[in-house]
Amino acid sequence: MRLLRKQDNQVRVVMTHSAMQFISPLTFQALSGNSVSTELLDAEEENAMGHINLARWADKLVIAPATANIIAKLTHGLADDLLSTLYLATNCPVYIAPAMNHVMWNKAVTQENILRLQTHGVQLIGPESGDQACGEVGFGRMSEASDIVLKLTEESCSDYTLQSKNILISAGPTREFLDPVRYITNRSSGKMGYALAEAALNAGAKVTLISGPVNLTSSDKITRINVETAEQMHHAVLSRADKNDIYIGAAAVADYTPASISLKKIKKQANESTIQLQKTRDILTDVAALKNKPNFIVGFAAETDDLEHYAKNKLKQKKLDMIAANWVGQEQGGFDKDENALQVYWNTGSQCLEMTNKTHLAKQLINLITERVNEKNST
Ligand code: C5P
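FYI, in our numbering the residues of the sequence shown are 1 to 379.
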């Protein structure tokens with residue numbers, strides 16, 4: 001806990017009843033600065049930070065020490081306390097650092113359970129050989145705290161919840177030209193779309209990013225296509241959409257573009273001037289109308305008023321699977337900021353993702369999308 005906190009990580013502690021016989025929750029409350037969760041069915045906890053909220057909040061779940069009992073429970077999907085239920089409810093990478101007597105560790109059933117958990121994607125840290133609490137010597141000692149933290153930090157780039165999925169993401173603003181030197185654009189920085197691309201990559205997806213003009217860099221593992229206008233973005237997205245499992249439209253695409261572009265620079269003349277605009281084609285709507293469309297389509301809605309009403313309308317009208325809505329024009333969050341909050345709606349539910357940096361927010365949204373994709377595939 002101290003090492004993780006030292007590296008500026010936010011840590012929340014879940015304790016089993018057995019753990020509480022060794023150490024008091026108050027100790028962890030003091031060290032983590034957060035209340036400690038101990039009960040699956042606790043009226044107060046359920047309101048504040050129930051197992052589903054904890055499951056969505058976490059970037060990583062580490063069980064240290066992991067006893068033979070919790071390992072067996074995880075292997076078989078038992079969910080009779082908060083920790084085992086949390087494991088079932090989360091999509092984040094899970095690490096276990098076993099600690100037990102060496103005979104228990106070497107027992108065939110424990111070894112079988114460990115192997116199965118690893119095939120389920122759980123990552124093993126240790127155990128090590130050495131002096132044990134029981135006075136014997138052998139394999140089963142929990143890895144040193146520093147080794148556990150090292151492993152958690154090393155692995156921060158891979159959790160593979162979207163492995164084998166192709167994801168297409170559009171990001172940034174568009175530019176709608178009036179003449180060779182002037183254009184109409186908006187305040188989008190592309191930060192949210194780029195953070196989503198990075199989060200999807202870290203979740204194991206193959207990511208294609210269609211980017212409007214922004215000052216951001218992207219991993220060379222992401223296929224990036226740069227465009228400028230709404231029409232170019234439309235073409236870039238529509239020509240690739242059928243090869244992707246998920247489309248996330250995070251770009252702030254111009255709704256209108258000049259009806260004609262002057263080939264020469266427009267001269268300063270009359271006191272007033274009028275620009276005739278025409279509607280651009282709606283990329284999201286057109287993707288959702290494709291015969292071979294992505295299995296899951298996510299839109300964004302930036303609103304200055306009546307957020308829920310407009311977002312839910314767009315979800316329906318554009319025939320989306322999910323819409324992520326955010327307030328713009330307010331002091332905190334929105335365009336060109338590093339932080340944002342989202343209210344996410346889908347046909348059967350909604351979820352509030354609270355104000356945080358866009359990297360963390362993107363990770364939470366990707367987790368939510370993964371959950372809904374899995375749900376859609378299972379029905
Ligand atoms: O209807 P509105 O433009 O407010 O909806 C916002 C959502 O629609 C965003 O996800 C945006 O990327 C998408 N959009 C689009 N094509 C347009 C305009 C907006 O895909 N021409």
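From the three backbone atoms N, C-alpha and C, an ideal C-beta is built for every residue, glycine too.
* Three-pair Cβ contact test at 8 Å for the segment 282–299 versus the segment 311–320 -> Touching, yes.
* Nearest-angstrom beta carbon gap, VAL287 and ALA241 [assumed within contact, 8 Å] -> 5 Å
* In chain order, what are the residues with a CB under 5 Å from some non-hydrogen atom of the ligand C5P? -> GLY249, ALA251, VAL253, THR280, ASP282, ILE283, LEU284, GLY299, PHE300
* To do: Note down, one range per segment and in chain order, each beta strand (DSSP E) of at least 3 residues found wholly within the segment 319–360.
  => 322–327, 339–346, 349–357
* Can you tell me which of the three DSSP states SER158 falls into? => Because the pLDDT of SER158 is 42, which lies under 50, any placement of that residue in the model is unreliable, and the number read from its coordinates should be weighed accordingly. Correct three-state label for SER158: coil.
* Leaving out five residues on either side along the sequence, give the residues of the same chain with a beta carbon under 6 Å from the beta carbon of GLN163. => GLY204
* Are there three or more Cβ pairs, one per stretch, closer than 8 Å when the segment 187–202 is compared with the segment 359–372? -> yes
* Taking PHE335 as the reference, which of TYR247, LEU209, ASN186, LYS73 has the closest Cα? -> ASN186
* When DSSP labels each residue in this structure, what does VAL137 get in the three-state scheme? -> It is a strand residue.
* To do: Compute the Euclidean distance between the alpha carbons of ALA325 and ILE369, then round it to the nearest angstrom.
  => 14 Å
* Helix, strand or coil for ASN377, going by three-state DSSP, please let me know. => helix
* **LEU224 - containing alpha helix (DSSP H), residue span** => Checking the sequence shown, residue 224 turns out to be Arg, not Leu. Where ARG224 is concerned, there is no enclosing alpha helix (DSSP H), although the beta strand (DSSP E) it sits in stretches over 223–226.
* Can you tell me whether DSSP reads THR246 as helix, strand or coil? -> One point to set straight first is that residue 246 is Ile, not Thr, in the sequence displayed. If DSSP states are grouped into helix, strand and coil, ILE246 belongs with the strands.
* Would you check if there are 3 or more beta carbon pairs closer than 8 Å linking the segment 334–354 to the segment 134–154? => no
* **Spatial neighbours of THR20 in its chain, beta-carbon cut-off 8 Å, leaving aside the 5 residues before and after** => Here the sequence assigns Met to residue 20, which means Thr is not the residue at that position. If we look at MET20 and ignore the five residues flanking it on each side, its Cβ neighbours are THR38.
* **Backbone secondary structure at LEU168 - three-state DSSP** => strand
* Close-in-space but distant-in-sequence residues of the same chain around ALA89 (CB under 7 Å, 5 per side omitted) -> HIS51, ILE52, ALA55
* Examine the Cβ distances between the segment 142–156 and the segment 236–251 and report whether three or more of them are shorter than 8 Å. => Contact fails: fewer than three Cβ-Cβ distances are below 8 Å.
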